[in-house]
Structures are given as structure tokens and as C-alpha cells.
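Everything on this sheet refers to the single structure shown next.
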Amino acid sequence: MLTEQERARYNRQIMMPGWDEAGQEKLKNAKVMVAGAGGLGSPVLTYLAVAGIGKIRVVDCDVIELSNLNRQMLHPDSNIGKLKVESARERIEALNPDITVETVNTKITDGNVLDLVEDYLIVDAMDNLQARYCLNKASLERSLPLFHGAVYGLEGRVTTILPGETPCIRCLYKDVLPGTPPVVGVTPGVIGCIQATEVLKYILGMGKLLYNRLLIFDGLNTIFNKVKIKKDPNCDACGSSV
Amino acid sequence: MHVVHPYKTRGTRMSINVKIPMIMRKETDWQGEVEMPCCTPEESLDELLKRFPAIKKWIYNKQDEMWDRLQFYVNGEQIHNHEMKRPMKDGDELFLLLNICGG
Ligand SMILES: [Zn+2]
């Protein structure tokens, strides 16, 4: 049941055809883990929090640095030197006190990922392939959807992974460009918002998700391309021989 | 500059459109799309290297093996390495994609 305050807070989205109070209750009962409270994590956490996801778990292992602030808009300048997860908690609780925020200040590894994920939906807002592989492992082992985003400069990618139905992260990425990528804040802004949209649609059972599709955002030319991606039958993680 | 494409001399009118990732465009005089008179993804890649030799570092590593971080799509559908010799039709689009990982 929604409280009077929740009915008022979420009124404008409850008005959406097909959303209704029942949809809002689905969000209230949902649990989402956001891996990474940086460039992608900032918009993802912001929009999941204000949309009313009941339980949000934030996992990150970094402290805020000045050079993060061109894109990680969850964190204010005054929080430089603080743990990102603590700064994220402050911001999310200020945005929406009606939801629960859990924070874990740790590096995601193959050893801890299953404990971190439990049965939460997984948002991949990481910045390195190794951590993404860890999330992929948990997604496959627990049959949980994985909402993937990646950025470079003014270019971004999004896909939604459903174990058994779509390619996994290992099907998609054998290797990535190495090094510290340039990032303009608007790019993770666009990509993170699309990831959050996918999460909401998944929970609500609305619309069409980015299954078996990779959305490519070319911010320099303002073009969105959508391509069909395929499972790799020889994939080490989800292939037929696993 | 007038360029005579091989397909014109052969009398056929085969032309495919190759889309270049943003990251590589410094090496293609900032061109994002180029027309190629080729019949397969592999031939198109060879032709691209002929026209823009500096692009090689994005395609091949020091051992001359193709980077695993490169992906190919024909008309929006992913193709894997064993499909690089698959014939394409006039007007087809070959889309190169470089895997990125920032967050
Ligand atoms: Zn796979």
C-alpha cells in the first residue's frame, strides 16, 4: 500500500497510462543494486531514487576527487575527500526520504559479487571491464537482469541483458579501449538516464526493452543508432559449452 | 580530386557505405562515412586501410592481429570473425564499432 505522502510524491507518474498505483507499488517493493556511484551512477541513482525504488544499494570503493566533478553530479564540491557511497546516501536521502538506501564501500570482485548482489536487479555503472565481468557472473548465476552502460567522450552505449535470452557482457566485450577515457558529463547523463528508464520499464513490465540491441549514442552528431547483437555460442560465461 | 573506383572499371556498380567510429575519425580526415566499392567486410577493411593508413593502429595490434575490441555490423546486425568474407549487396552498410568502457 502507498502512503498518502507517496501518492502525492509520485502522482505525476502514477497518472501514466498503465503505471497506476499498482505500478508504483511494484517500484516500492523493488530492490536495485547500482554498481558505481560515478558518472553513470549519478543519473541512475538520482532517477531511480526520485521514481521511488523501495530499496537502492550503492556499491563503490572510491573517494570523491575534484576531477570527478565535471560529470559525477551526485556529489557536491563540498564532499571532496568523502566516500562516494556516503555522499550518494546523503544526496539520495535528501531527494527522497521515503526510500531505503544501503551503501557498501568495497571493490567488486568475483569473490564478493554474489553477496553484494543477493537478489537485487543489477545496474552496471562501472568504469572498467573487470568489474563488469564480475557483475555479469552474478547476473548469470542468479538469473538477474543487468542494465549495462558505457561512455567515452561524447559517445555512449546501452543494452539490457537478460540471462539466457540475450548476449552477456562477455559475449559483447572480449576487450575494450584501454586507458583513462575522456568524458563529458552530458554523456553519462544521457546514458545513465536510459539505463534508469530500462530499470523502471523492467520492474513495471511496460514497453520494449533493449534486449539483444545495443544503443549507440553519438553525441557529436546527435545520432542514436541501434544495432542487433548476438550471443557468442563459444562465450566463456554463457556459451553452450558452459 | 577525381578518383576512379575499381568498380567503375569493372563495369559493375557495387558500393557499400562504411561507418567509422568517432574515435578513429582523426585518422580519416574527420570523415564518419566512406563509400567503398567492395563486396565483403574484409575487402572493405583492406580498402579502408589503403585509403587511410593511419587507421591501422585501431584495427590491428603490433602482432598484426585484429583487436578483439573491434566489432562489425552489417545493416545493423552483428557479424563475427568467421563472417568477414560474407558477400554484401550494393547499398549495404558496414558499421565499425570500438568497445569503450568509461563510466
Ligand atoms: Zn556470453
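Sequence lines, in order, name chains A and B. For reference, each letter of the first sequence is one residue, going 1 to 242 in the working numbering. For reference, each letter of the second sequence is one residue, going 243 to 345 in the working numbering. Heads up, the beta-carbon is just placed ideally off N, CA and C, and yes, glycines get one too.
At a cut-off of 8 angstroms, would you count R170 (chain A) as near ligand 1, judging by its Cβ distance to the nearest heavy atom?
yes
Chain E contacts made by the region 216-236 of chain A, where a contact means CB separation under 8 angstroms
Although the question refers to chain E, the structure presented lacks it and instead comprises the protein chains A and B.
When you compare the CB positions of L144 (chain A) and V117 (chain A), do they come within less than 9 angstroms of one another, or not?
yes
So which residues of chain B does G153 (chain A) contact, with C-beta pairs closer than 9 angstroms?
M264, I265, I342 and G344
For V246 (chain B), decide whether its Cβ has a neighbour in chain A, counting only Cβ atoms nearer than 9 angstroms.
Legend: pLDDT at V246 (chain B) = 46, less than 50; position of this residue unreliable, value from coordinates given subsequently. So no, V246 (chain B) is outside the interface.
Is it true that the region 329-344 of chain B meets the region 304-315 of chain B, where meeting means three or more beta-carbon pairs spaced less than 8 angstroms apart?
yes
Determine the extent of the alpha helix (DSSP H) in which D288 (chain B) is found, giving its start and end residues.
P283 to R293
Buried or exposed for R170 (chain A), please, with buried defined as at least 16 other CB atoms from any protein chain shown within 10 angstroms of its CB.
buried
Which residues in chain B have a C-beta closer than 8 angstroms to the C-beta of V44 (chain A)? List them in chain order.
None at all; the shortest Cβ gap to chain B is about 10 angstroms.
Rounded distance between the beta-carbons of V151 (chain A) and P178 (chain A), thought under 8 angstroms
15 angstroms between Cβ atoms; not a contact.
K201 (chain A) beta carbon less than 9 angstroms from that of G192 (chain A):
no
Could you list which residues in chain B have their beta carbon closer than 8 angstroms to that of R157 (chain A), in chain order?
I342
Do G156 (chain A) and N70 (chain A) have their C-beta atoms within less than 9 angstroms of each other?
no
Indicate whether E198 (chain A) and L210 (chain A) have their beta-carbon atoms separated by less than 9 angstroms.
yes
Closer than 8 angstroms: P145 (chain A) CB and nearest ligand 1 heavy atom:
no
Got a sec? Which residues, its chain only, sit under 6 angstroms from T270 (chain B) by beta carbon, not counting five neighbours each side?
I262 and F294
Against chain B, which members of the region 165-181 of chain A pass a CB distance test of less than 7 angstroms?
Y173, K174, D175, V176, L177 and P181
Cβ-Cβ distance between A88 (chain A) and A37 (chain A) below 9 angstroms
yes
In terms of residues, what are the limits of the alpha helix (DSSP H) holding V85 (chain A)?
K84 to L95
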